[in-house]
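Protein chains in written order, with my numbering: chain A, 11 to 518; chain B, 2 to 226. Ideal placement from N, C-alpha and C gives every residue a C-beta, glycine not left out. Notes for the one structure printed next.
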């Protein structure tokens, strides 16, 4: 009850955080490496843009100031020149203006007694902004920036009351604007290059920093794949060695736990054997005196016998599985012909010869297998068919791309597609489990099939055949393939620690 | 004549149930709760077959079997809860002729005992079999190597006779199980392998590089002179 309420509360909280978390989640979906790259890139962009902006404005200020000073100086020089020239009455104003020393692109305009004179035809009185014009004509010197025909201009107006005229000079700032534009482009380009460089450095650095993580993830994947003895090598870097150490501790703990569980199963199975021995032996005595027993006791003994047999099989199966789990399963490999293997397995499983169908293409093929295990595989599949699918209709051997397939076909009903993998799990009973009450099954049969086949480096699956029937397919690799490719298999000859050397005809 | 069995087992209930079952099969059964008691009993009154549980308090089943072997070639069946190769092989190395795994069916155990007893008596081989410097006398039950007597258990002896009467012929493990252990076996080739090893240490000049008892890869064993 309490746990339930807690969960509800955390749900509410989760919803509240949801909105804010959405953006964050999208960001974190990018991946650490991409995020570092983007962050470095954005940082470089901000920094270089600021630097470029500052540079641009400082440079612009300086250049403009220099230019204005030069312009003003020249305008004053020209104004005083004009004043001294205009003292002589013979002086032609047009000639005077032409004779003035001006910067390239600048124009001179002069007003005397309401008359306007200019060095250019196109630029005259009208070109000068009215506000500045009136200001200067009223006796105040002034400067103003303005735009003429789309290009920036600076006009300087100097009233010369002693000469009775006002002198204006209009400077084109086109050149200056172009210079500033080029400067701005260069700075923007530099900023972009810096940004890209920042992103590249970010990517490289994060790649370097994340390389140990790559190793961790590889190791984790290997462990997930069942090879539990993989460990990380501790690096010199103190940060990384801590990571490696805690990863290895985790792997150790995992391994220990798995081993403990497997050992527990093994211990339980072994411990059960002593009472089982007494039970089996005593019941055997009762059974041999069965005829002396009253009818009701006889029925009870029969029940006990059947159930004890199932119990015993369950203990055997558990032990077999725990052996696979602890990695102490040992394959006793023999080279056998497929035809012989299948016929013997069929006989051991009680399948009539008429149901056995061996493709001539594989009959003579030699496989290196543990005969006992393969016979168990066939027997368990046959048992399964008998209990859940009306019995075996065919036991066949067919060629496979790199080995042979043993196929056990039954009457159906077919296994639902959603259960096709799950039926190989331990103690899994599917929708046909309604029959449990009458079966002798241990719930471990198919999972043992899967383990035995895996130990041989093969695969097992179920597919649907004609109509409602099931085809249980066991694919075994040809003998040139190394069964040790699967992680848990141990050798057949006793070269492992703690085992006595054991000579076998096929291992020496 | 009733055959006497010595049952070495520390679990009292298993012991009682086994005794009941084996008595039903027509044997006279002696009991021992530990290896030490078993050795004493055997010294007082030898049995025809000894059944030893491997997991005993104090002296374990392996040691009990080894000590028994020092003075006797009596057929020994070891009883084990573990089917791992290690235990089975170690038990056979200690000198056992056969093994059964708990829980076993009493009738099966009785059949194995019968097979061991039958083998111990059958005598129908030629008088002397020779290869290299080894002489086997089936009717006397003795093996000599270079004139010196070699002590073999009855199972080792039977195995050697079987190989020596078919020189140069490859015998599969199944054939040897059938002929030496006496009945259609469940096919545990480890029994044959360990006994072959034990034989080699007794009659081969260099057991690691056998000259007489050869392994034929994927097929079985054969004996050459």
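Own chain, CB closer than 7 Å to residue 154/A, minus 5 neighbours either side, in chain order: 139, 142, 165
Contact set for residue 13/B: own chain, Cβ-Cβ below 8 Å, skip 5 residues either direction: 34
Minimum C-alpha distance to residue 98/B - residue among 36/B, 183/B, 211/B: 183/B
Reduced DSSP category for residue 63/B - H, G, I as helix; E, B as strand; rest coil: helix
Boundaries (first-last residue) of the beta strand (DSSP E) holding residue 79/B: 77-81
Alpha-carbon spacing of residue 132/A relative to residue 126/A, whole angstroms: 13 Å
Test: residue 294/A CB closer than 7 Å to a CB of chain B: yes
Sufficient close CB pairs (3 or more, under 8 Å) joining the region 71-88 of chain B to the region 153-160 of chain B: yes
Assigned exposure category for residue 83/A - 16 Cβ within 10 Å defines buried: exposed
Classification of residue 7/B by the beta-carbon crowding that lies within 10 angstroms, buried from 16 upward: buried
C-beta atoms of residue 180/B and residue 190/B nearer than 7 Å: no
Beta-carbon contacts of residue 264/B that lie in its chain and below 6 Å, excluding the five residues immediately before and after: Since the first and last residues shown for chain B are 2 and 226, residue 264/B lies out of range.
Alpha helix (DSSP H) runs wholly inside the region 312-373 of chain A, at least 4 long, in chain order: 348-359, 370-373
Contact check, residue 238/A vs residue 258/A, beta carbons under 7 Å: no
For residue 46/B, three-class secondary structure by DSSP: coil
Cβ of residue 286/A within 7 Å of any chain B Cβ: yes
For residue 469/A, the residue or residues it bridges with in DSSP: 485/A
Min CB distance residue 210/A to chain B below 7 Å: no
Short CB-CB distance (under 7 Å) between residue 58/B and chain A: no
Neighbourhood of residue 336/A by C-beta, 8 Å cutoff - its chain only, sequence neighbours within 5 removed: 269, 272, 273, 276
Per-residue DSSP class, three states only, for residue 105/B: coil
Three-state class that DSSP yields for residue 255/A in the structure shown: helix
Within-7 Å CB hit, residue 21/B to chain A: yes
Sequence-distant residues of its chain with Cβ nearer than 8 Å to residue 422/A (five each side left out): 399, 400, 477, 478, 479, 480
Limits of the unbroken beta strand (DSSP E) element including residue 409/A: 402-410
Alpha helix (DSSP H) segment containing residue 479/A, residue limits: Where residue 479/A is concerned, there is no enclosing alpha helix (DSSP H), given that its DSSP letter is neither H nor E.
Where residue 431/A falls, given that 16 or more other Cβ within 10 Å makes a residue buried: exposed
Supposed close pair residue 201/B, residue 211/B - CB separation, criterion 8 Å: 5 Å
Outcome for residue 221/B when other beta-carbon atoms lying within 10 angstroms are tallied against a minimum of 16: buried
Completely contained beta strand (DSSP E) runs for the region 166-208 of chain A, where each covers 3 or more residues: 175-182
Under 7 Å between C-beta atoms of residue 395/A and residue 420/A: yes
Residue-chain proximity (residue 206/B, chain A), Cβ-Cβ < 7 Å: no
Buried versus exposed call for residue 19/B [16 or more other C-beta atoms within 10 Å across all chains shown]: buried
CB contact below 7 Å: residue 32/B versus chain A: no
Contact the region 44-59 of chain A vs the region 106-124 of chain A: 3+ CB pairs below 8 Å: no
Residues that residue 15/B contacts on chain A, provided the C-beta gap is smaller than 9 Å: 284, 285, 287, 288, 291
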